[in-house]
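Everything below concerns the one structure shown next.
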Amino acid sequence: MHSSIEDFEMPNEEQVHLAAESFRLLADPTRIKVLWALLQGESSVACLAELAGAAPTAVSQHLAKLRLAGLVKGRREGTFVYYSAADDHVKDLLDQALFHADQLDRDDATPTGGTRTSGVRST
Numbered sequence: 007m008h009s010s011i012e013d014f015e016m017p018n019e020e021q022v023h024l025a026a027e028s029f030r031l032l033a034d035p036t037r038i039k040v041l042w043a044l045l046q047g048e049s050s051v052a053c054l055a056e057l058a059g060a061a062p063t064a065v066s067q068h069l070a071k072l073r074l075a076g077l078v079k080g081r082r083e084g085t086f087v088y089y090s091a092a093d094d095h096v097k098d099l100l101d102q103a104l105f106h107a108d109q110l111d112r113d114d115a116t117p118t119g120g121t122r123t124s125g126v127r128s129t
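Here my numbering is used: the first residue of the sequence shown is 7, the next is one more, and so on.
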């Protein structure tokens with residue numbers, strides 16, 4: 007069946023593995039908040055912790071994982087490290103994820119425009 011689809015090609019195993027790893031790392035609300043903040047510009051751990059509503063030590067651990075995955079990069083200035091999103095692909099990925107979540111949110115709203123039938127509405 008798939009052989010009849012012109013130019014159909016499955017991604018290779020490495021691509022699949024790396025994509026799954028990126029999604030796994032993004033499957034955390036704090037990491038999404040941190041990445042979104044970094045897409046607005048460079049920031050320190052303390053500032054990111056305040057924006058994400060998390061402890062600086064927790065944000066630091068999240069940043070270390072995101073940096074190893076190539077989603078964020080750090081710049082050292084003296085004893086401080088300032089983080090930023092690695093590239094525009096991170097923005098594209100988050101934009102799509104948040105757009106999808108917004109569509110799910112709208113689809114889950116009551117017909118009268120009331121509250122959702124399940125889950126928590128983000129602000």
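Backbone N, C-alpha and C define an ideal beta-carbon position, used for all residues, glycine too.
Because the structure is a prediction, the values reported are computed rather than measured.
Per the C-alpha coordinates, the member of 27, 70, 47, 60 positioned closest to residue 35 is 60.
Counting C-beta atoms within 10 angstroms of its own C-beta, residue 68 has 16 or more neighbours from the protein chains shown and is therefore classed as buried. Here residue 78 is actually not in contact with residue 66; their C-beta atoms are around 12 Å apart, not less than 8 Å.
The residue from 30, 50, 40 with its alpha-carbon nearest to that of residue 85 is 50. In the DSSP assignment, residue 79 is bridged to 90. In this structure residue 54 is buried. Its beta-carbon is surrounded by 16 or more other beta-carbon atoms within 10 angstroms. A straight line joining the alpha-carbon of residue 41 with that of residue 18 spans about 27 Å.
Contact check for residue 24 against residue 96 fails: the beta carbons are separated by 8 Å or more. 8 Å or more divides the Cβ of residue 92 from the Cβ of residue 27.
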